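Chains as they are written, first to last, in our numbering: chain A, 1 to 413; chain B, 414 to 805. Backbone N, C-alpha and C define an ideal beta-carbon position, used for all residues, glycine too. Since we're looking at a predicted model, the values are computed, not measured.
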């Protein structure tokens with residue numbers, strides 16, 4: 001049974017902040033098939049196309065028939081915990097500070113035997129469900145949990161190292177003027193966040209849904225215009241040390257591509273808001289978040305971007321907007337690498353057209369802002385790195401994997 | 414009894430057992446330790462460096478060198494050279510290869526040597542870079558190293574066969590008693606079963622006295638034909654049989670037996686002896702539970718009877734089953750790949766009657782085994798050899 005985690009006490013300013021360390025990071029190239037699985041929250045193993053055998057760890061040839069056709073495919077995640085051990089004196093700094101640390105050997109129903117991190121409620125001889133998670137060095141690791149739900153399951157010490165659960169944490173949602181920002185703030189509060197700071201540019205201007213946020217216990221409206229470097233610096237000076245999760249909901253959607261627009265003024269606004277806004281936020285909040293990666297129960301854990309799925313493949317009808325999103329996507333990979341020493345997760349939530357005014361002329365299906373808010377919470381709880389919200393985003397993901405050229409031609413309609 | 418179709422090791426002998434006394438930490442390199450062992454080999458055998466025409470080297474900390482770099486480093490001109498990276502099975506593998514080389518006259522005198530240094534950070538670096546499967550799928554899980562991997566094996570084995578820590582502890586306690594007679598053992602204080610049981614946990618059920626102490630050191634011996642030994646006037650032990658096996662029983666979900674179990678019939682058949690005939694046994698004791706497994710797999714008792722076996726026997730030098738007479742790695746220390754040689758070299762001293770304070774009276778027939786390379790979830794390499802002294 002897992003004891004519920006206690007709400008963290010106010011931080012003693014006289015004590016040194018514990019600095020983040022990383023678990024062992026070296027992996028073979030092939031092993032990054034699991035990184036992809038973990039990023040998307042899937043359980044995938046290599047399966048031989050020759051003889052059908054599942055295999056683990058990552059291999060270059062099948063141990064049953066020597067075929068090299070070992071594709072990573074979704075695999076049944078159930079297994080049996082054969083034996084466990086608790087490491088009391090690990091040789092690596094990260095684990096040494098977190099010892100005792102429990103691991104076990106799991107015989108998967110589909111064949112392979114897997115060394116895994118264990119949830120505290122796993123019992124020797126009992127079934128477990130296996131998942132791939134991203135650890136504090138951003139690498140994929142296997143994690144075994146009991147088959148069913150157990151009390152306070154998400155509060156398990158080792159599980160919390162793999163996730164970015166909002167419970168007891170303080171979150172900054174960067175743009176509360178948008179429906180997505182508002183829904184994200186509300187969902188995070190419901191998920192147990194201690195405080196949700198909601199950025200509002202030009203607070204004197206009224207906005208839709210203002211009433212929903214105002215006066216809510218644990219929701220605090222703060223002045224923030226991401227496109228304005230000074231505004232982001234000022235806010236970071238105030239609350240930078242208590243942002244454990246940052247949800248970048250900054251958005252600027254305008255239709256049109258290149259030839260039907262005159263000049264660069266709209267493109268400049270798109271870049272100012274989305275791309276330079278991202279840079280301002282990263283420079284203001286990134287360094288302190290990275291430094292606070294091991295700062296207790298409410299350590300800093302995650303940065304979330306809400307991105308258009310057309311960051312992955314340009315949609316000419318919103319062509320310049322797609323390009324600004326692609327720039328943000330590329331920048332997110334840079335930020336992920338730079339936040340990695342702090343163990344901070346960088347999650348991108350990809351969405352299709354959202355049910356808001358700027359996509360008014362686009363036919364359904366469109367994504368409800370509420371669904372995006374809920375996706376942010378579930379992604380943080382699962383410790384994911386990539387999420388696709390709604391049917392359009394999921395379809396684009398699949399079509400891109402199947403044939404990028406077909407997707408490019410077909411988006412031109 | 415199984416019959417062996419393999420070519421017998423007629424006339425193949427081992428001589429000049431060398432141990433360079435271990436130290437916990439060394440600022441010297443593996444090359445230095447191996448150099449000391451070669452120097453001692455030459456001195457003890459009364460030969461010239463140029464008489465060595467075959468070299469076989471094992472080391473974890475020699476990088477970036479392998480055997481070839483050592484030939485120039487030490488001024489050796491050999492016509493047969495091997496580097497064996499098999500961890501705890503390196504000595505048996507080296508002996509097997511060297512024996513066939515001198516038998517086929519590809520070489521006349523092969524120096525088999527293993528040595529490792531131990532800098533303050535060596536052990537952690539070895540753990541981090543041990544193998545690809547280890548790097549991908551073991552080390553990132555708590556970084557417990559071999560302790561955690563063997564803890565899983567030990568826990569399963571002990572539960573499956575009703576083995577207690579007190580049973581396993583008998584092995585460690587007996588070896589400490591042996592070590593107190595070995596001036597070179599790093600562990601110099603007596604160990605009681607109560608102290609063994611009260612030790613702090615490292616990775617359950619592995620506790621402090623189940624673990625070897627990483628250290629620096631080197632071991633070596635020579636392999637040649639008996640006429641070579643005779644012409645040099647060297648006392649030598651006759652090699653009777655060997656086995657080697659890798660990745661055995663891959664379908665066992667967890668390791669409860671090593672590769673010995675596959676080949677044990679042949680080991681005794683080739684030597685023409687029975688387990689009861691052996692005077693001394695030197696097992697690979699990276700953990701005492703692995704030694705218990707070897708007692709079963711090497712034919713001293715049935716599977717699952719290891720605990721009862723150690724309860725029924727006295728494993729000390731003066732006991733009815735003299736085992737790991739130098740104190741083994743558990744009490745002497747584990748000098749990297751030299752740990753593989755420790756039992757074999759001590760066994761050689763025993764059958765040659767030169768073991769000094771740890772000498773077993775009338776020891777003539779010895780079995781030494783090796784075990785190594787926990788690549789992922791189990792030790793992959795196993796081997797064993799039987800050899801006899803001059804009186805047989």
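- Looking only at B:545, B:720, B:440 and B:503, the smallest Cα-Cα distance to residue 58 of chain A is reached by B:545.
- For residue 328 of chain A, the secondary structure class from DSSP, reduced to helix, strand or coil, is helix.
- Here residue 159 of chain A is buried. Its C-beta has 16 or more other C-beta atoms within 10 Å.
- Contact residues of the segment 27-52 of chain A toward chain B are 27, 28, 30, 31 and 34 (C-beta to C-beta distance below 9 Å).
- Chain-order list of chain A residues neighbouring residue 540 of chain B: 91, by C-beta distance under 7 Å.
- For residue 305 of chain A, the three-state secondary structure derived from DSSP is strand.
- Listed along chain B, no residue sits closer than 8 Å to residue 81 of chain A by beta-carbon distance, the nearest being about 11 Å off.
- With the criterion set as a beta carbon lying under 8 Å from some beta carbon of chain B, the members of the segment 53-65 of chain A are 56, 57, 58 and 63, in sequence order.
- Apart from sequence neighbours up to five positions away, the residues of its chain that approach residue 728 of chain B with a beta-carbon distance below 6 Å are 587, 734 and 736, ordered along the chain.
- DSSP places residue 216 of chain A outside any beta strand (DSSP E), giving it a letter other than H or E.
- DSSP assignment within the segment 114-178 of chain A yields the following whole alpha helix (DSSP H) runs of 4 residues or more, N-terminal first: 157-162.
- The beta-carbon separation of residue 170 of chain A and residue 230 of chain A, rounded to 23 Å, does not stay under the 8 Å limit for a contact.
- Annotation: Cβ neighbours of residue 545 of chain B in chain A (cutoff 7 Å, chain order): 28.
- Following the DSSP letters along the chain, one finds residue 609 of chain B in no beta strand (DSSP E) but inside the alpha helix (DSSP H) bounded by residues 606-611.
- Chain A has a Cβ within less than 8 Å of the Cβ of residue 790 of chain B.
- CA-CA distance, residue 45 of chain A to residue 54 of chain A, rounds to 7 Å.
- At the C-beta level, residue 79 of chain A and residue 130 of chain A come within 8 Å of one another.
- Under a 10 Å Cβ-count criterion, residue 403 of chain A is classified as exposed, with fewer than 16 other Cβ atoms of the shown protein chains found around its own Cβ.
- Contacts with chain A at 8 Å (Cβ-Cβ) include residue 569 of chain B.
- Identification of chain A residues near residue 537 of chain B by a Cβ-Cβ cut-off of 9 Å yields 91 and 92, ordered along the chain.
- For chain A, none of the residues of the segment 454-486 of chain B brings a beta carbon within less than 8 Å of one of its beta carbons.
- Among the residues facing chain B, residue 179 of chain A is not included, as its CB has no counterpart in that chain under 8 Å away.
- A direct Cα-Cα distance of roughly 33 Å separates residue 373 of chain A from residue 12 of chain A.
- When only Cα atoms are considered, residue 84 of chain A and residue 551 of chain B end up about 13 Å apart.
- For residue 135 of chain A, at least one C-beta of chain B is nearer than 8 Å to its own C-beta.
- As computed with DSSP, residue 638 of chain B is found in a beta bridge with B:425.
- Close to residue 105 of chain A, with beta-carbon spacing below 7 Å, are these residues of chain B in chain order: 565, 667 and 790.
- If you ignore the 5 residues before and after residue 724 of chain B, its C-beta comes within less than 8 Å of the C-beta of 580 and 583, all in its own chain and listed in chain order.
- Three or more beta-carbon pairs drawn from the segment 498-505 of chain B and the segment 740-758 of chain B are found closer than 8 Å, and the two stretches are therefore classed as touching.
- Under DSSP, residue 736 of chain B shares a beta bridge with B:694.
- By the Cβ rule, the segment 508-525 of chain B does not count as touching the segment 665-682 of chain B, because fewer than three pairs are nearer than 8 Å.
- Cβ neighbours of residue 713 of chain B within its own chain (closer than 7 Å, five residues either side excluded): 688 and 722.
- Counting every other CB atom within 10 Å of its CB across the protein chains shown gives residue 756 of chain B a total of 16 or more, marking it as buried.
- DSSP places residue 248 of chain A in the strand class (E or B) of the three-state scheme.
- Going by C-alpha positions, residue 317 of chain A is about 6 Å away from residue 257 of chain A.
- Between residue 680 of chain B and residue 781 of chain B, the CB-CB gap reaches or exceeds 8 Å.
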